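Engineer: As given, the protein sequences belong to chains A and B, one line each in that order. Residue numbers for the first sequence follow this note's numbering, beginning at 989 and rising by one. Residue numbers for the second sequence follow this note's numbering, beginning at 989 and rising by one.
There are 2 protein chains.
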Amino acid sequence: MIGDGRCIGVFDSGIGGLTVVRELRRRLPNEDIVYFGDTARVPYGIKSSETVTRFAHETCDFLLQFDPKMIVVACNTASAAALPALEASLSVPVCGVVEPGAKEAVLLANGHSIAVVATEATINSDAYRRAMKRYQPDARVIQKPCPLFVPLAEEGRRCEDPITRSVVRDYLEPVVRLDPKVLVLGCTHYPLLKGAIEEVTGPDIQLVDSGEQTAKAVVLHLKSVGALADADEPGRLSCYVSDNPQRFRELGQRFLDHPIVDVTWISPEQFFACDVKVNAE
Amino acid sequence: MIGDGRCIGVFDSGIGGLTVVRELRRRLPNEDIVYFGDTARVPYGIKSSETVTRFAHETCDFLLQFDPKMIVVACNTASAAALPALEASLSVPVCGVVEPGAKEAVLLANGHSIAVVATEATINSDAYRRAMKRYQPDARVIQKPCPLFVPLAEEGRRCEDPITRSVVRDYLEPVVRLDPKVLVLGCTHYPLLKGAIEEVTGPDIQLVDSGEQTAKAVVLHLKSVGALADADEPGRLSCYVSDNPQRFRELGQRFLDHPIVDVTWISPEQFFACDVKVNAE
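See the structure below:
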């Protein structure tokens, strides 16, 4: 067994998926990762399932040029809308963020209520509730769209900011009153607001970070098929964006918890034609 | 002079431009209006000038099929980024929202400081300050990006909502301390927050709604070239969106201050190919 040196492809509508990359790099520091952020069309969270599915297909076509050993859909909205279609059409394994988060929540809740906070599109898709019911048919699921969380995180507001705290209270107090045992952070931006969220949910509600659970699922998958990289050096992170590389670099480091060095802006002509001849080496 | 029965084309990244349509219909109730909201790629306010310019060109190509007598760029970000390029390439008159708002602000400020609130992209473009300096070279301009205003308005939060009030205070108190005479609402979403904004700015600061000034400029232009419609019936508003017609209809009526009846979802294939055979009759 000599390992698989190919990269892991990861994509999101923008910078949120970098919280998933952070968790992946923590567990798999020697893997090369190619990340695509669709910053020209961000956010996906207010768009229709059809449109998000089309965007996801275009993005995967782009990532396939890097010959990835698997693709991680590091976006809850795209996972909720497009995962079955991607699984059906792609020849590489695909992992979304909804399933791992839903599974962990059901385990931890142990029959008690589960709350999910996410974008409008993810909540409307009902993907978390459906996934939870596959593991536990009588799962009781509370779903709450929190549309201001993404712009709050993107604006760089900290957990101790009074605006952050009052918005979090506004969304979560009605949820907490229903006494859930577990709260799922169903959007890859939300881990940045974890401190403010925990202040409202208190010690009795366990938080599940879908991105963290996804990183664990990726490790398990790569181990099970013997496809971990057999490298000694740190893996390389190459980022591609469809717009605004400077903003991505500046905001992204808070999501990645590390400076971002390698960002390439690809024009829509390149993106749509998928004629970029690139090599992730 | 028999008037010009052709429509007015209006576009925005999403629903915000409907506040401009509202002002247009108030002044020109007999004009047909064809509106395009680019809801698949909304918002423009966090995107680069190059990308926004490309989107604006694609949108105008779409609108030209309706044979409009003029096109109104009812989006501050697109006006700031793309107006010169659109004026250079289009054969119909184009009116943006930045110039009329800037002109009115300079007149009202009468030598005192002017504040502009807008999206990140509009502020970064420096378009308002540049336009104001054309009218008054020593204009003193304070510019403040307010990235949470659009999601607040889109979430349907009212002016009396405590979150709305605290966000507005957070952005505007540092601006008010600089004692401007005029505050320009440099984003077509912001008129929905006018009540909360006035609470912070008080009676001594005059608000300028760029959309309202734009509607006045459109009336002036059409009158001056003798191109007002010579119709007795109410004009028709036809809306086209690139995504999520249901969300557009639901949210949009608050921006238009009127129910929206006629919304058509056009697929990207139609949009990019511009091969829709449509007639605004």
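Backbone N, C-alpha and C define an ideal beta-carbon position, used for all residues, glycine too. Remember, predicted model here, so these are calculated numbers, not experimental data.
Looking at C-alpha atoms only, which residue of A/R1014, A/R1029, A/L1216 and A/I1102 is the closest neighbour of A/F999?
Structural biologist: It is A/R1029 whose Cα lies nearest to the Cα of A/F999.
Engineer: Measure the alpha-carbon distance for B/L1140 versus B/T1152 and round it to whole angstroms.
Structural biologist: Straight-line Cα distance between these residues: approximately 7 Å.
Engineer: Any beta carbon from chain B within less than 8 Å of A/P1135's own beta carbon?
Structural biologist: At least one chain B Cβ lies under 8 Å of A/P1135.
Engineer: For A/L1006, I'd like the list of residues in its chain whose CB is within less than 6 Å of its CB, leaving aside the five on either flank, ordered along the chain.
Structural biologist: Contacts found: G1240, F1243 and L1244.
Engineer: What residues in the region 1141–1163 of chain A bring their beta carbon closer than 8 Å to a beta carbon of chain B?
Structural biologist: Within the region 1141–1163 of chain A, the residues whose Cβ lies closer than 8 Å to some Cβ of chain B are E1142, E1143, P1150, I1151, S1154, V1155 and D1158, listed in chain order.
Engineer: Quick one: residues in its chain with C-beta nearer than 8 Å to the C-beta of B/H1045, no 5 flanking neighbours on either side, listed in chain order?
Structural biologist: Around B/H1045: A1070, A1073, L1074 and S1077.
Engineer: Provide the residue span of the beta strand (DSSP E) that contains A/A1106, from first to last.
Structural biologist: Note, A/A1106: beta strand (DSSP E), I1102 to A1106.
Engineer: Hey, could you find the ends of the beta strand (DSSP E) A/C1083 is sitting in?
Structural biologist: Segment V1082 to G1084, the beta strand (DSSP E) holding A/C1083.
Engineer: Within its chain, find whatever has a CB closer than 6 Å to the CB of A/V1104; leave out the 5 residues flanking it on each side and keep chain order.
Structural biologist: So the list reads Y1116, Q1131, V1172 and G1174, once near-sequence residues are dropped.
Engineer: Could you please give the first and the last residue of the uninterrupted alpha helix (DSSP H) stretch that includes A/D1049?
Structural biologist: From DSSP, the alpha helix (DSSP H) with A/D1049 extends over S1037 to L1052.
Engineer: Along chain B, in chain order, which residues have C-beta atoms closer than 7 Å to that of A/P1139?
Structural biologist: Within chain B, the residues near A/P1139 are P1135, L1136 and P1139.
Engineer: Would you identify the three-state DSSP class for A/L1210, choosing helix, strand or coil?
Structural biologist: Reduced to three states, the DSSP call for A/L1210 is helix.
Engineer: Answer with yes or no whether the minimum CB distance from B/A1069 to chain A is below 8 Å.
Structural biologist: So no, B/A1069 is outside the interface.
Engineer: Hey, is B/D1036's beta-carbon within less than 8 Å of any beta-carbon in chain A?
Structural biologist: Checking the sequence, you will find Ser at residue 1036 of chain B rather than Asp. Interface residue, yes.
Engineer: Looking at chain B, which residues of the region 1090–1120 of chain A have a Cβ within less than 7 Å of any of its Cβ atoms?
Structural biologist: Answer set for the region 1090–1120 of chain A: empty.
Engineer: Short check: CB of A/P1088 to CB of A/E1108, under 8 Å?
Structural biologist: Going by C-beta atoms, A/P1088 is not nearer than 8 Å to A/E1108.
Engineer: Counting contacts by CB-CB distance shorter than 8 Å, is A/P1081 in contact with chain B?
Structural biologist: Chain B, which has no Cβ nearer than 8 Å to the Cβ of A/P1081, makes this no.
Engineer: Which same chain residues end up closer than 7 Å to B/T1027 when comparing Cβ atoms and leaving out the 5 residues on each side of it in sequence?
Structural biologist: Here the set comprises G1002, V1229, S1230, D1231, N1232 and F1236.
Engineer: Taking the DSSP output, what are the residues bridged to B/L1171?
Structural biologist: Note: B/L1171 sits in a beta bridge opposite B/A1103 and B/L1195.
Engineer: Ignore the nearest five residues each way along the sequence and tell me which others in B/F1024's own chain have a CB closer than 7 Å to its CB.
Structural biologist: Within the same chain, B/F1024 has close Cβ partners F999, T1047, F1050, L1051 and Y1228.
Engineer: Tell me, please, whether the CB atom of A/D1231 is closer than 8 Å to any CB atom in chain B?
Structural biologist: It does: the Cβ of A/D1231 has a partner Cβ on chain B nearer than 8 Å.
Engineer: Mapping the DSSP letters down to three states, classify A/S1230 as helix, strand or coil.
Structural biologist: Coil.
Engineer: For the putative contact between A/V1170 and A/V1188, defined by C-beta atoms under 8 Å, what is the C-beta separation to the nearest angstrom?
Structural biologist: Not confirmed; about 15 Å, so no contact.
Engineer: Please report the straight-line C-alpha distance between B/K1265 and B/C995, rounded to a whole angstrom.
Structural biologist: Unreliable placement is indicated for B/K1265, whose pLDDT of 39 sits below 50; no coordinate value is reported for it.
Engineer: Run through DSSP, which three-state label would B/D1245 get?
Structural biologist: Three-state result, B/D1245: coil.
Engineer: At the level of alpha carbons, what is the spacing between A/N1267 and A/K1035?
Structural biologist: A caution first: A/N1267 carries a pLDDT of 38, below 50, which makes its placement in the model too unreliable to give a value.
Engineer: Evaluate A/I990 with the Cβ neighbour count: other Cβ atoms within 10 Å of its Cβ, from every protein chain shown; 16 or more gives buried, anything less gives exposed.
Structural biologist: Exposed.
Engineer: Looking only at its own chain, which residues have a Cβ that is under 7 Å from the Cβ of B/E1092, when we skip the five neighbours before and after it?
Structural biologist: Answer for B/E1092: V1196 and Q1201, listed in chain order.
Engineer: For A/L1208, which of A/F1043, A/P1031, A/F1054 and A/C1083 has the nearest alpha-carbon?
Structural biologist: The residue with the shortest Cα to Cα distance from A/L1208 is A/C1083.
Engineer: Can you list the alpha helix (DSSP H) stretches of 4 or more residues lying completely in the region 1004–1031 of chain B, in chain order?
Structural biologist: DSSP runs (the alpha helix (DSSP H)) wholly in the region 1004–1031 of chain B: 1006–1015.
Engineer: Quick check: is the beta carbon of B/A1028 nearer than 8 Å to any beta carbon in chain A?
Structural biologist: It does: the Cβ of B/A1028 has a partner Cβ on chain A nearer than 8 Å.
Engineer: Going along the region 1006–1029 of chain A in order, which residues come within less than 8 Å of chain B, judged by CB to CB distance?
Structural biologist: Per Cβ criterion, the list reads T1027, A1028 and R1029.
Engineer: Pick helix, strand or coil for B/T1252, following the three-state DSSP scheme.
Structural biologist: The answer is strand: DSSP assigns B/T1252 an E or B state.
Engineer: Using the Cα positions of A/T1176 and A/V1008, report the straight-line distance between them to the nearest angstrom.
Structural biologist: A/T1176 and A/V1008: Cα-Cα distance of roughly 7 Å.
Engineer: For B/K1057, count neighbouring C-beta atoms within 10 Å of its own C-beta (all shown protein chains included) and say buried if the count is 16 or more, exposed if not.
Structural biologist: It is buried - the Cβ of B/K1057 has at least 16 other Cβ atoms within 10 Å.
Engineer: Say whether chain A places a C-beta atom closer than 8 Å to the C-beta of B/T1047.
Structural biologist: No, because no Cβ of chain A sits closer than 8 Å to the Cβ of B/T1047.
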